[in-house]
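Peer 1: If you count by the numbering used here, then the sequence shown holds residues 126 to 495, one letter each, in order.
Backbone N, C-alpha and C fix where the C-beta goes; we use that ideal spot for every residue, glycine too.
Okay, here's the structure, questions in a sec.
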Amino acid sequence: MTPGIDRRSLQHFDWVLLGLVTCVLGIGLANLYSASSPGVESGLPPEFRRQMLALGVATIGMLVALVLDYRRLERLAVPVYVGTLLLVASTLVLAPVTRGNRSWLIYGPLSLQPAELAKVGLVLAMARYFHRNPPSEIRRVRDLWGPALIAAGPVGLIVLQRDMGVAVLTMLIAATYLLFVRIPARAWAALSAAGVVALAGLWTYVFKGYQKERILDFLDPSRDQLASGYQQIQSRIAVGSGEFFGKGYLEGTQTQLQFLPTQHSDFAFSVLAEEWGFLGSVTLLAIYFMLLIWGLVVANNSKDSFGAMLAIGVVGMLFWPAVINVAMVLGLAPVIGVPLPLVSYGGSQLLANLVAVGLLMNVSMRRYIF
């Protein structure tokens, strides 16, 4: 028998979770083929081939995360967290400047975005902290200094990389755990009011004119329709033209004529909406919803708090980028470069998300073993 997995574990393997993830991955691969095929005369598109290779590596990562008993991972949470921080920090020295930030380690044809792996390290560290400090016992804002420091590590380094989109996303993943603390609403209201006053002061007395313009363009891309707003305009055209049933697979005009920027990554959902319409879009979102709900069921059924906190963190890793990406595609949120988990092109995010799914399966599979 494989080390770390016994007969009882295999008897309780979570086939439902595996089936949901496989469905999303299958939709993502079919969508990627369509998004990356324009301009390719023969053979498989290069993005599709690279994604298949990344899927193989990510599947191995998922199996490793599945085999190791998650309860032993509590002792490894800090080393894994520190290791991912060091990996992110290395980009500040080793990574070339790409699109204005230093986010990628590149070695020949291989590339890695360490910030994606840092999310896994963050979830492990947060799960360990809240396992030892139950959220139900946290009743004051100042009691959150521990998780705040844990979140500050990766978020601060990613800000130094100048990748604000990933920094915001990482902060939101950490904030998922705040839903379970028992801090009174009035404390949150006071903290929010202080934050608004501070931002107003910075806007009035600190920010320069060009800095204000950049922030306004970020919040409302339609202010500059030939630059920052172009992506969202083309995306909304693609989504709207799909109507209810869509134009058909490989038949989307916005996609095939390559009017959609980054249509294989950040705007993959636009491609799906154009080709499969409202019906196809709702189907994918319904599968996502079932996956997230199943993750919460796994957390609820876990026999220990570390497993429950780990499952909640994985749900946060899948929930926040999905919400931000869909809102971004529909023009309801600024374009901040967040891919759709398990669907968009990108090896690093696929590796991180499948490792996280492996951890979720790990918790689910061992829920009957003490």
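Confirm, please, whether the CB-CB distance from GLN474 to GLU199 is below 7 Å.
Peer 2: Going by C-beta atoms, GLU199 is not nearer than 7 Å to GLN474.
Peer 1: Under a Cβ-count criterion, where at least 16 other Cβ atoms within 10 Å of its own Cβ denotes burial, should GLN388 be classed as buried or exposed?
Peer 2: Answer is buried; the Cβ neighbour count reaches 16.
Peer 1: Could you have a look at TYR470 and say whether DSSP puts it in helix, strand or coil?
Peer 2: If DSSP states are grouped into helix, strand and coil, TYR470 belongs with coil.
Peer 1: So for THR387, helix, strand or coil by DSSP?
Peer 2: Residue state, collapsed to three classes: coil.
Peer 1: My output table needs one value for ASN226: the three-state DSSP class, helix, strand or coil.
Peer 2: In the structure shown, ASN226 sits in a strand (DSSP, three-state: E or B).
Peer 1: Buried or exposed, going by whether 16 or more other CB atoms sit within 10 Å of the CB of GLY181?
Peer 2: With fewer than 16 other Cβ atoms within 10 Å, it is exposed.
Peer 1: Contact between the stretch 477 to 489 and the stretch 232 to 248: three or more CB pairs below 8 Å?
Peer 2: At 8 Å Cβ cutoff, the stretches touch.
Peer 1: What is the DSSP secondary structure of ILE412, reduced to helix, strand or coil?
Peer 2: In this structure, ILE412 counts as helix in the three-state DSSP scheme.
Peer 1: Give me the Cα-Cα distance between THR408 and LEU249, rounded to the nearest whole angstrom.
Peer 2: Taking the straight line joining both Cα atoms gives about 31 Å.
Peer 1: Going by Cα to Cα distance, which pick from PHE305, VAL321 and PRO239 is closest to ALA292?
Peer 2: Here the closest residue by C-alpha is PRO239.
Peer 1: Alpha carbon to alpha carbon, what distance is there between LYS428 and TYR195?
Peer 2: Going by the C-alpha atoms only, they are around 12 Å apart.
Peer 1: Determine contact between the stretch 433 to 440 and the stretch 354 to 369, defined as no fewer than three beta-carbon pairs at a distance below 8 Å.
Peer 2: No: the two stretches stay apart, fewer than three of their Cβ pairs being nearer than 8 Å.
Peer 1: Measure the alpha-carbon distance for SER233 versus LEU219 and round it to whole angstroms.
Peer 2: Checking the displayed sequence, the identity of residue 233 turns out to be Gly instead of Ser. Whole-angstrom Cα-Cα distance: 13 Å.
Peer 1: For GLN136 and ALA436, I'd like the C-alpha separation in whole angstroms.
Peer 2: In a straight line, the C-alpha of GLN136 is about 20 Å away from that of ALA436.
Peer 1: Bridge partners of ILE231, per DSSP?
Peer 2: In DSSP, ILE231 forms a bridge with SER236.
Peer 1: Answer with buried or exposed for SER228, where buried requires no fewer than 16 other C-beta atoms within 10 angstroms of its C-beta.
Peer 2: Buried, because 16 or more other Cβ atoms sit within 10 Å of the Cβ of SER228.
Peer 1: Count Cβ pairs between the stretch 205 to 217 and the stretch 158 to 175 that sit closer than 8 Å; are there 3 or more?
Peer 2: No contact exists between the stretch 205 to 217 and the stretch 158 to 175.
Peer 1: State the DSSP-derived secondary structure class of GLY367, mapped to helix, strand or coil.
Peer 2: Of the three classes helix, strand and coil, the one that applies to GLY367 here is coil, per DSSP.
Peer 1: I'd like to know if the stretch 394 to 403 and the stretch 365 to 376 are in contact, where contact means that at least 3 CB-CB pairs between them fall below 8 Å.
Peer 2: Enough Cβ pairs lie closer than 8 Å, so yes.
Peer 1: Just to confirm, are VAL482 and VAL146 a CB contact at a threshold of 7 Å?
Peer 2: Contact: yes.
Peer 1: Starting from the Cα of ILE358, find the closest Cα among MET187, ARG197, LEU237 and VAL460 and give me that residue.
Peer 2: Nearest C-alpha to ILE358: VAL460.
Peer 1: Residues in its own chain within less than 6 Å of SER430 by CB, not counting five upstream and five downstream?
Peer 2: Result list for SER430: HIS256, in chain order.
Peer 1: For PRO128, does the three-state DSSP call read helix, strand or coil?
Peer 2: Unreliable placement is indicated for PRO128, whose pLDDT of 48 sits below 50; the coordinate value is still reported in the next sentence. Coil at PRO128, not helix or strand.
Peer 1: Can LEU282 and PRO446 be called in contact, C-beta distance under 7 Å?
Peer 2: Cβ atoms of LEU282 and PRO446: not closer than 7 Å.
Peer 1: Distance check for THR378 and GLN356, CA to CA, integer angstroms please.
Peer 2: Whole-angstrom Cα-Cα distance: 15 Å.
Peer 1: So, at 7 Å on beta carbons, what are the nonlocal neighbours of GLY373 in its own chain, with the 5 sequence-adjacent residues on each side left out?
Peer 2: Once the five neighbours on either side are set aside, the close Cβ partners of GLY373 are GLU400.
Peer 1: Please state whether DSSP places SER489 in a helix, a strand or coil.
Peer 2: The answer is helix: DSSP assigns SER489 an H, G or I state.
Peer 1: Using 10 angstroms around the beta-carbon of LEU375, count the other beta-carbons present and answer buried if the total reaches 16, otherwise exposed.
Peer 2: Exposed: under 16 other Cβ atoms inside 10 Å.
Peer 1: Helix, strand or coil: which one does DSSP assign to GLU199?
Peer 2: Correct three-state label for GLU199: helix.
Peer 1: What is the residue span of the alpha helix (DSSP H) that GLY181 lies within?
Peer 2: Unbroken alpha helix (DSSP H) run through GLY181: 171 to 192.
Peer 1: Would you kindly work out how many angstroms separate the C-alpha atoms of GLN176 and CYS148, rounded to a whole number?
Peer 2: Cα-Cα distance, rounded: 16 Å.
Peer 1: According to DSSP, is GLY377 part of a helix, a strand, or is it coil?
Peer 2: If DSSP states are grouped into helix, strand and coil, GLY377 belongs with coil.
Peer 1: Return the CA-CA distance between LEU154 and ASP391, expressed in angstroms with no decimal places.
Peer 2: Roughly 14 Å separates the two Cα atoms.
Peer 1: On the criterion of 16 or more Cβ atoms from any shown chain inside 10 Å, does LEU304 qualify as buried, or is it exposed?
Peer 2: When all chains shown are included, LEU304 counts as exposed.
Peer 1: In whole angstroms, give me the CA-to-CA distance for PRO128 and VAL488.
Peer 2: Residue placement at PRO128 is flagged as unreliable, the pLDDT there being 48, under the threshold of 50; the coordinate-derived value follows with that caveat. If you take the alpha carbons of PRO128 and VAL488, they lie about 16 Å apart.
Peer 1: Buried or exposed: VAL306, going by 16 or more other Cβ atoms within 10 Å of its Cβ?
Peer 2: The residue in question, VAL306, is buried, as its Cβ has 16 or more Cβ neighbours within 10 Å.
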